[in-house]
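Engineer:
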Amino acid sequence: MVRVKNPQDFWAGLLFLVVGLIAIYLGRNYTFGTATKMGPGYLPTVLSWIMAGIGAFLALRALIEAGPEIEASLWRPQAFIVAAIVIFGLLIERTGLAPSVVVVTVVAALASREMRWVETAILAVGLAILCVLLFVKVLGQPLTIFNWGL
Amino acid sequence: MDIINNLGIGLAASATPINLLFCLFGCLIGTLIGVLPGIGPIATIAMLLPITFSLSPLGALIMLAGIYYGAQYGGSTTAILVNLPGESSSVVTCIEGYKMAQRGRAGAALSVAAIGSFFAGCVGTLLIAAFAPILAKFAEQFRSPEYFSLMLFGLVAAVVLAHGSVVKAVAMIVLGLMIGLIGTDTQSGVARFTFGVPELYDGVDFVPVAMGLFGFAEIMSNLDRGGDKPKTTAKITSLWPTREEIRRAIPAALRGTAIGSFLGLLPGGGAVLSSFAAYTLEKKVSKYRREFGTGAIEGVAGPESANNAGAQTSFIPLLTLGIPSTPVMALMMGAMTIQGIAPGTAIISDRPELFWGMITSMWIGNLMLVVINLPLIGIWVSLLKVPYRILFPCILVFCCVGAFSIANSPFLIFMMAGFAVLGYAFNKLGCEGAPFLLGFVLGPLMEENLRRSMVLSFGDPTIFVQRPISLAILVLSLGLVALIVLPQFRQTREEAFQE
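Chains as they are written, first to last, in my numbering: chain W, 1 to 150; chain R, 1 to 499.
Set out below in structure tokens:
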């Protein structure tokens, strides 16, 4: 059984390898061209191969040379932060700026274990007002403030 | 004298009430985010980039530049008083600065940091004023092969100067180059890697990438480490350094300014590398090196001068060649593009009021920063009491609204979420975001110049070594590669980044 001695490099290598291979696959139909007349596929293909090559090298080297462990992750902050961003993307056109900011602030605040409800509620309303004032009133961005129609 | 004339033009443009206000605003924001750990200039400038759309070009650039060098001032405050780096460029200031604060010399350390920064900022600004026009004139002879070689040099330097693994830095650059190629090919009109998403036809927008990779990934990593920690702030008694302290700080500040001015020019250098290098240098050459680790004032004066000098001179490659050398400069380039200004050799001759206005505003800004940072220090310290659990939702909301208002498209928000996950993974896997961002920005430029060069030479790749300037740049790049391979240099490089 082969043991991974350098987890950071190993997974980074796999990531690069997979991205490289996917890019080679996706880019297979772009015209490669010649050195004189480089087609749209020339550089992407060359770079994809380099990428995949480095990835494979990193992953293989990680089996031989030891390296640092990957620091442990907490699932809670990551999940809530990503969820907050995605929810903003889903809400902004449906509910308008102010309600989205309130919801997103609460979801984001949940990422921290020290979250306090009253404090967060005040923050959410405050941020919503600030965003409306700054982005809509001062900067004149074409954002809807409220949209209750969904 | 030409330069005095030019500075006159600049002052006329930058000293208008509205531009002074932008300068002050930028410096205040810069100091604020510098003082606050957990948010840096990259995320902040990305956040404010969409806002600059409605400003005048000069006002926008003055404000964004102010944020960058302002952050260098603010960062030292937190480093000295709380032993936390407010900014990555003030990491080394913690070492001696906090020790000084423990000995009751916090005020002196703050003054020396601010005045050293001011001096370095003035020198940096003068250097830009003196050398940028000469460099731009020289660069007028550059054609595609020279530009391609120059960008290659930039990427090589970014690898050499990156922290940590060289192989991973190369991979990050290649990945950045590839993401940069997403979008419609300018020559053939073929849509590459767009997955049929119309938002991608014009290429991947820079702002969500920078926010995701730097802003959000940083929030996620901070929360991983447990978010808030109790901060104990050192007391400030007197801001005045003693005569002895001044005598020792001056040569260190001079050395720091010199090393920072030089390293700031290099791609991937900028403020962070400058401060590290200055600290290492002080430890080697100072007469008081035995005191290092117990609060030597040289260890504050040197790095703090260096990071500000580096922050200033890193504008030179962008303003003269149109090539951004650090992620922050890439954002500045984005700001110029938003305003319809093509960065490059022509800026100085075509838009003198813009170029000289920016330079003079930097000098004015540095002056403002001394005032903002020294007498008003108490205000900034009290801001440190804002807990992270309140701070990070604010950052998140501003990033989201900012990214959305670039194109009113939810797609950019989802893409930003993707890059946040990617950036977090990079952090965990020990891959650096900075080389990625450089590759991402330079990718399309490099491809264009490579293709043009090959058309120019009828497909003969030796064109890059036949043209003398291009050859010289390539030889320099090779020299850098040789440096990595040399075991001695490798060792010093590792030592330098260890500290």
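Beta carbons are placed, not taken as given, at the ideal position from N, Cα and C, and that holds for glycine.
Please classify Ala-84(W) as buried or exposed, where buried requires at least 16 neighbouring CB atoms within 10 angstroms.
Structural biologist: For the purposes of this step, residue 84(W) is identified with residue 84 of the first sequence, where counting begins at 1. Label assigned to Ala-84(W): buried.
Engineer: Might you give, ordered along the chain, the residues of its own chain that have their beta carbon closer than 8 Å to the beta carbon of Ala-13(R), omitting 5 neighbours on each side?
Structural biologist: Position 13 of the second sequence, counted from the start, is the residue given in the question as residue 13(R). Correct list, in chain order: Asn-19, Leu-58, Glu-353, Leu-354, Trp-356, Gly-357, Thr-360.
Engineer: Over what stretch of residues does the alpha helix (DSSP H) that includes Ser-305(R) continue unbroken?
Structural biologist: By one-based count along the second sequence, residue 305(R) stands at place 305. Unbroken alpha helix (DSSP H) run through Ser-305(R): 298 to 313.
Engineer: What residues match up with Thr-184(R) in a beta bridge as DSSP calls it?
Structural biologist: Position 184 of the second sequence, counting from 1, holds the residue named residue 184(R). In the DSSP output, where bridge partners are listed per residue, Thr-184(R) has Ala-191(R).
Engineer: According to a CB-to-CB cut-off of less than 7 Å, which residues of the stretch 209 to 224 of chain R neighbour chain W?
Structural biologist: Cβ contacts with chain W: Phe-216, Ile-219, Met-220, Leu-223, Asp-224.
Engineer: Kindly indicate which three-state DSSP category Met-38(W) falls into: helix, strand or coil?
Structural biologist: The residue given as residue 38(W) occupies position 38 in the first sequence. Strand, per DSSP.
Engineer: Tell me the DSSP secondary structure of Gly-173(W) in three-state form.
Structural biologist: Examination of residue 173(W) is not possible in this model, given that chain W is present from 1 through 150 alone.
Engineer: May I ask you to list, following chain order, the residues of the stretch 69 to 97 of chain R that have a beta carbon less than 7 Å from some beta carbon of chain W?
Structural biologist: Those would be none; no residue qualifies.
Engineer: Return yes when the Cβ of Asn-222(R) is within less than 7 Å of the Cβ of Gly-34(R), no when it is not.
Structural biologist: Translated into the one-based positions of the second sequence, residue 34(R) becomes position 34. Translated into the one-based positions of the second sequence, residue 222(R) becomes position 222. Cβ distance not < 7 Å, so Gly-34(R) and Asn-222(R) don't count as in contact.
Engineer: At 4 residues or longer, what runs of the alpha helix (DSSP H) sit wholly inside the stretch 250 to 296 of chain R?
Structural biologist: DSSP runs (the alpha helix (DSSP H)) wholly in the stretch 250 to 296 of chain R: 270 to 285.
Engineer: Where does Thr-337(R) fall in DSSP's three states?
Structural biologist: Here residue 337(R) corresponds to residue number 337 of the second sequence, with the count starting at 1. Three-state DSSP puts Thr-337(R) in a helix.
Engineer: According to the Cβ coordinates, are Ser-305(R) and Gly-365(R) closer than 7 Å?
Structural biologist: One-based indexing of the second sequence puts residue 305(R) at position 305. One-based indexing of the second sequence puts residue 365(R) at position 365. No.
Engineer: Quick check on DSSP: helix, strand or coil for Ser-238(R)?
Structural biologist: Here residue 238(R) refers to the residue found at position 238 when the second sequence is read from its first residue. In the structure shown, Ser-238(R) sits in coil (DSSP, three-state: anything other than H, G, I, E or B).
Engineer: Count the other C-beta atoms from every protein chain shown that fall within 10 angstroms of the C-beta of Val-101(W), then say buried if there are 16 or more, exposed otherwise.
Structural biologist: Start at 1 with the first residue of the first sequence, and residue 101(W) comes out as number 101. Classification for Val-101(W): buried.
Engineer: In whole angstroms, what separates the C-alpha of Ala-500(R) from that of Ile-372(R)?
Structural biologist: The first residue shown for chain R is 1 and the last is 499, placing residue 500(R) beyond what the model contains.
Engineer: For the alpha helix (DSSP H) holding Leu-450(R), just list the boundary residues, first then last.
Structural biologist: Residue 450(R) sits at position 450 when you count from the first residue of the second sequence. 433 to 456 is the extent of the alpha helix (DSSP H) around Leu-450(R).
Engineer: Which ranges would you report for the alpha helix (DSSP H) in the stretch 332 to 407 of chain R if only whole runs of at least 4 residues count?
Structural biologist: Listed in chain order, they are 346 to 350, 352 to 373, 377 to 383, 388 to 407.
Engineer: According to DSSP, is Phe-135(W) part of a helix, a strand, or is it coil?
Structural biologist: On the first sequence, residue 135(W) is found 135 positions in, with the first residue counted as 1. DSSP places Phe-135(W) in helix when its eight states are reduced to three.
Engineer: With DSSP run on the structure shown, which of helix, strand or coil describes Tyr-98(R)?
Structural biologist: If you number the second sequence from 1, residue 98(R) lands on position 98. Correct three-state label for Tyr-98(R): helix.
Engineer: From the beta carbon of Pro-393(R), is the nearest beta carbon of chain W less than 7 Å away?
Structural biologist: Position 393 of the second sequence holds residue 393(R). Closer than 7 Å: yes.
Engineer: Roughly how many whole angstroms lie between the Cα atoms of Ile-9(R) and Ser-144(R)?
Structural biologist: Along the second sequence, one-based indexing puts residue 9(R) at 9. Along the second sequence, one-based indexing puts residue 144(R) at 144. If I take the Cα positions, the gap works out to 32 Å.
Engineer: Should the stretch 410 to 418 of chain R be regarded as contacting the stretch 197 to 211 of chain R, the criterion being three or more beta carbon pairs within less than 8 Å?
Structural biologist: These segments touch.
Engineer: Would you decide whether Leu-391(R) is buried or exposed? Buried here means 16 or more other CB atoms lie within 10 Å of its CB.
Structural biologist: Taking the first residue of the second sequence as 1, we reach residue 391(R) at position 391. Its Cβ being crowded by 16 or more others within 10 Å, Leu-391(R) is buried.
Engineer: Output the residue ranges of the alpha helix (DSSP H) runs that lie fully inside the stretch 51 to 106 of chain W and measure 4 residues or longer, sorted by chain position.
Structural biologist: If we require 4 residues or more, the alpha helix (DSSP H) runs fully inside the stretch 51 to 106 of chain W come out as 75 to 95.
Engineer: Excluding sequence positions up to five away, which residues of its chain have a Cβ less than 6 Å from the Cβ of Glu-499(R)?
Structural biologist: Working through the second sequence from its first residue, we reach residue 499(R) at position 499. Any reading at Glu-499(R) is ruled out, since the residue's pLDDT is 47, under 50, leaving its predicted position unreliable.
Engineer: Ordered along the chain, which non-local residues of its own chain (more than five positions away) have a Cβ less than 8 Å from that of Ile-173(R)?
Structural biologist: Locating residue 173(R) in the second sequence gives position 173, where the first residue counts as 1. The answer, listed in chain order, is Leu-155, Ala-158, Val-159, Pro-435, Phe-436, Leu-438, Gly-439.
Engineer: Quick test of the definition: if touching needs 3 or more C-beta pairs under 8 Å, does the stretch 6 to 25 of chain W touch the stretch 51 to 62 of chain W?
Structural biologist: The stretch 6 to 25 of chain W, when compared against the stretch 51 to 62 of chain W, does touch it at the 8 Å Cβ threshold.
Engineer: In this structure, how does DSSP classify Ile-42(R) when only helix, strand and coil are distinguished?
Structural biologist: Sequence index remark: in the second sequence, residue 42(R) carries index 42 (1-based). Here Ile-42(R) sits in helix by DSSP.
Engineer: Please decide whether Val-386(R) counts as near chain W, where near means a Cβ-Cβ distance under 7 Å.
Structural biologist: As a first step, residue 386(R) must be located in the second sequence, where it is residue number 386. Not one chain W Cβ lies under 7 Å of Val-386(R).
Engineer: Is it the case that the stretch 309 to 320 of chain R contacts the stretch 118 to 131 of chain R, given that we only count it when at least three CB pairs across the two stretches are under 8 Å?
Structural biologist: Touching, per the Cβ criterion.
Engineer: When you compare only the Cα positions, how much space is there between Gln-102(R) and Ala-335(R)?
Structural biologist: Residue mapping note: residue 102(R) aligns to position 102 of the second sequence, counting from 1. Residue mapping note: residue 335(R) aligns to position 335 of the second sequence, counting from 1. So the two alpha carbons sit approximately 42 Å from each other.
Engineer: Just the chain W side, please: which residues come within less than 8 Å of Ser-188(R) by C-beta, in chain order?
Structural biologist: Along the second sequence, one-based indexing puts residue 188(R) at 188. Under the 8 Å cutoff, chain W gives Thr-31, Gly-39, Pro-40.
Engineer: For Gly-96(W), which residues in the same chain have their Cβ closer than 6 Å to its Cβ, ignoring the five residues on either side in sequence?
Structural biologist: Indexing the first sequence from 1 puts residue 96(W) at position 96. For Gly-96(W), where only same-chain residues beyond five positions count, the Cβ hits under 6 Å are Thr-144, Ile-145, Phe-146, Asn-147.
Engineer: Report the rounded CA-to-CA distance for Leu-552(R) versus Ile-64(W), giving the unit in angstroms.
Structural biologist: Past the boundaries of the shown model lies residue 552(R); chain R is included only from 1 to 499, so the question cannot be answered.
Engineer: Whose Cβ in chain W lies nearer than 9 Å to the Cβ of Ile-390(R)?
Structural biologist: Position 390 of the second sequence holds residue 390(R). What Ile-390(R) touches in chain W: Ala-109, Glu-119, Thr-120, Leu-123.
Engineer: Return the CA-CA distance between Trp-11(W) and Arg-105(R), expressed in angstroms with no decimal places.
Structural biologist: As a first step, residue 11(W) is located in the first sequence; it is residue number 11 there, counting from the start. As a first step, residue 105(R) is located in the second sequence; it is residue number 105 there, counting from the start. Taking the straight line from one Cα to the other gives about 46 Å.
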